[in-house]
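Visitor:
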Amino acid sequence: MNSLIPKIQDVSGFNSTLVGISIHPAAPYSAILSNVFETQPQLNIVEKLWASWYLYINSDILATGLLFFTVHELMYFGRCLPWYIIDKMLYFNKYKIQPTKIPSDKEQWECLKAVLKSHFLVEAVPIWLFHPMCQRLGISILVPFPSLYTMLVQIGIFFACEDMWHYWAHRLFHHGWFYKNIHKQHHRYAAPFGLTAEYAHPVEVISLGFGTVGFPMIYAYFTRDLHLFTVTCWVVLRLFQAVDSHSGYDFPWSLNKFIPFWSGAEHHDLHHRYFIGNYASSFRWWDFCLKTEAGPHANRLREERMKVRVEKKAKFH
């Protein structure tokens, strides 16, 4: 039984919406959508679509699984497509970080096949198991959604936590056995392109993926105040960040030009080019504070800072 239906029928005074609606189990999606739009004026359009989806599927596990897998595929490949097109347009080559290394169609095709294989054989199972975990952790699927402020604060927390996890896990993957047997696959392309964001060994996909999914679950465990729509928005933004950081392009309007501590493609492209340093995903502060920035410029800055420290130390002796 869909969790929205008992709320509609059995709970008086339930202030989460969907009051006075009657849904036939065999009703087509269009009829359910029309019913929700007509009877629930207090909801915004996204909330109406969300509620109609769960009512139509009539199985929360199936509805969440289909939703997450579909959103993941559409958002990931939908975000990769513009970068594929840009690679074909000579005009944008001036913004290419490594302008002489444009991925061939063969490279794109091989990467696409590997990523699809990973999506269906590695990522699909955790996605289908996600809703039971949501239920245990009290992650809500009901409408209305939380306030925009609440969602932004929570997503900001998830970005910071994921970035921390990614930095340390990624740094570990660059040590000896871990690099040779796991992370080396991701470094097949010294000049990354959008599709390479999720081109990785299954162990890396799962371990780094924990940073994206695990921290919302931890947050929900301690607060019991998280909505699945917030998690969905967070996952979409994280996908966009991952694809963009592998795009290989640094534009004058790129986000790192307006937010100095944002990593962006330039930050991660140096990691692929030099195979070391710049381990964080979204922000620059971990690499800056722990002196693991990549590239010649970062090396010069480190040497200058080291020289200053040595000179200061010498003055006290």
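Sequential numbering of the sequence shown, starting at 0, is according to numbering that gives the first Met the number 0. Here a beta-carbon is modelled for each residue, glycine too, at the ideal position from N, C-alpha and C. Quantities reported herein were computed from a predicted structural model and do not represent experimental measurements.
1) State the beta-bridge partners of Tyr248 as determined by DSSP.
2) When you compare each of Ala293, Leu151, Gly193 to Ser244 by their alpha carbons, which one comes out closest?
3) Could you tell me the distance, in whole angstroms, from the CA atom of Tyr273 to the CA atom of Ile205?
4) Cβ of Ser262 within 9 Å of Cβ of Asn277?
5) So, at 6 Å on beta carbons, what are the nonlocal neighbours of Trp127 in its own chain, with the 5 sequence-adjacent residues on each side left out?
6) Near Leu151, what residues of its chain come up, given a Cβ to Cβ distance below 7 Å and the 5 sequence neighbours on each side ignored?
7) What are the start and end residues of each continuous alpha helix (DSSP H) run of 4 or more residues lying completely inside the segment 208 to 286, in chain order?
8) With three or more C-beta pairs closer than 8 Å as the rule, is the segment 50 to 64 touching the segment 28 to 36?
9) So Val242 packs on Tyr75, CB below 8 Å; how close in whole Å?
10) To which residues of the same chain is Phe319 closer than 6 Å at the C-beta, ignoring the five residues directly before and after it?
11) Restricting to Cα atoms, I'd like to know which of His266, Val309, Pro145 is closest to Phe282.
12) In the DSSP assignment, find the unbroken alpha helix (DSSP H) run with Ser29 in it and report its ends.
13) Could you spell out where the alpha helix (DSSP H) holding Tyr178 opens and where it closes?
14) Quick one: what does DSSP say Ser51 is sitting in, helix, strand or coil?
15) Could you give the DSSP three-state label for Ser117: helix, strand or coil?
16) For Trp164 and Gly210, which I take to be in contact (beta-carbon distance under 8 Å), what is that distance rounded to the nearest angstrom?
17) Taking all protein chains shown into account, decide if Lys311 is buried (16 or more other Cβ within 10 angstroms of its Cβ) or exposed.
18) Spatial neighbours of Asn255 within its chain, please: CB distance less than 6 Å, with the 5 preceding and 5 following residues excluded, ordered by chain position.
19) Could you check what DSSP says for Ser103 in three-state terms: helix, strand or coil?
20) How many Å lie between His226 and Ile138 at the Cα?
21) So the alpha helix (DSSP H) Arg135 belongs to, where does it begin and stop?
Guide: Judging by the given coordinates:
1) Lys95
2) Gly193
3) 25 Å
4) Cβ distance < 9 Å, so Ser262 and Asn277 count as in contact.
5) Gly64
6) Taking C-beta separations shorter than 7 Å and ignoring five residues to either side along the sequence, Leu151 has no partners in its chain.
7) 227 to 244, 263 to 273
8) When Cβ pairs closer than 8 Å are counted between the two stretches, the segment 28 to 36 is seen to touch the segment 50 to 64, the count reaching three or more.
9) 7 Å
10) No information on residue 319 is available, as it lies outside the stretch 0 to 316 that the chain covers here.
11) His266
12) 28 to 38
13) 175 to 180
14) Ser51 carries a helical assignment under DSSP once its states are collapsed to helix, strand and coil.
15) helix
16) 4 Å
17) exposed
18) Within the same chain, Trp261, Gly263 come within 6 Å of Asn255 by CB-CB distance, once the 5 residues on both sides are set aside.
19) coil
20) Our two residues, His226 and Ile138, have alpha carbons roughly 5 Å apart in a direct line.
21) 129 to 136
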